[in-house]
Amino acid sequence: MKTTCLIFVAFAFAPLAFGKHHKSKDGFVSLYNGKDLTGWKTTGNWIPQKDGSLLIQPRPGEKGWQRYDDYLTSVKKYKDFILEVEYKYPKGGNSGVYFRIGNPKDPVKTGIECQVLDSFGKPDDKMGHHDHGGIIRTVGPSKNMSKKPGEWNKMIVTCKGHHLQVNLNGEKIIDHQLDKKGEGKNSGVSDRPLEGYISLQDHGEPNNLHFRNIRIKEL
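Encoded structure:
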């Protein structure tokens, strides 16, 4: 009887264990369950919302971007992947999508950042690596695909070996070889590891941003 009970308990909890890493038919796995921060590490004020989105709302006095422990960082490393993230920023809002971070204590120097920024209305020929969709210290987007503040943007980051592509709101804006130098005087990120953590940036007050539909497909 005891053996029967143990087997029953094991199978009863099996769906819960598998459910945390459920893979959809298209091969993507959700990194945010819409309820809590399971699968992530942070000391920041990341607040799950009733609509299933996730709000970063820096606490009073939390300013600047060098509070790396407040970033929302995955507990798992990823190598080759397609990462999808939806987000909306307020007017002037600033954040970033980091990937292949070698050391979460210093994502800026050991990872790659795709800029999240309210660049709405800026001319295409004025867009640089610090503008929305740009790869910091590497290459700017080919065009400005930024939505208005308060509207949802969708970013798709594809990494396979040294090849990086970024699609923003339905348009490919980055196609770059990571082992090459950045454009102009930009140093590039050729020294970054080919595998690492994923992280969303807490840029400090007053940057309150919402994120949702954070999904990844490993290649």
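For the sequence shown, this note's numbering assigns the number 137 to the initial residue and increments by one for each residue that follows. All residues carry an ideal CB built from backbone N, CA and C; glycine is no exception.
Leaving out five residues on either side along the sequence, give the residues of the same chain with a beta carbon under 8 Å from the beta carbon of N322.
-> H265, R273, T274, V275
Indicate whether the contact test is met: 3 or more Cβ pairs, each with one atom in the segment 157-167 and one in the segment 313-320, closer than 8 Å.
No, because fewer than three Cβ pairs between the segment 157-167 and the segment 313-320 fall closer than 8 Å, the two stretches do not touch.
* Count the CB pairs spanning the segment 236-254 and the segment 323-333 that are closer than 8 Å, and state whether there are at least three. => By the Cβ criterion, the segment 236-254 is in contact with the segment 323-333, since at least three pairs of Cβ atoms, one from each stretch, lie closer than 8 Å.
Pick from G286, E287, Q301: whose alpha carbon is nearest that of V293?
Q301
Check: Do M263 and G270 have their C-beta atoms closer together than 8 Å?
Finding: Contact: yes.
Three or more C-beta pairs below 8 Å linking the segment 185-202 and the segment 211-220:
The segment 185-202 vs the segment 211-220: no contact.
Discussion item. What does the alpha-carbon distance come out to for the pair Q313 and H298?
Written reply: 5 Å
On the DSSP bridge list, what partners appear for G270?
BP columns for G270 are empty, so no partner.
Margin query: Pop quiz: K199 and E341 are said to be a contact at Cβ under 8 Å. What is the actual Cβ separation, rounded to whole angstroms?
Written below: The beta-carbon separation of K199 and E341, rounded to 5 Å, stays under the 8 Å limit for a contact.
### Query
What does L167 pair with, by DSSP beta-bridge criteria?
BP columns for L167 are empty, so no partner.
Note to self: Nearest by alpha-carbon distance to M291: which of F235, W201, D206 is it?
What the structure shows: F235
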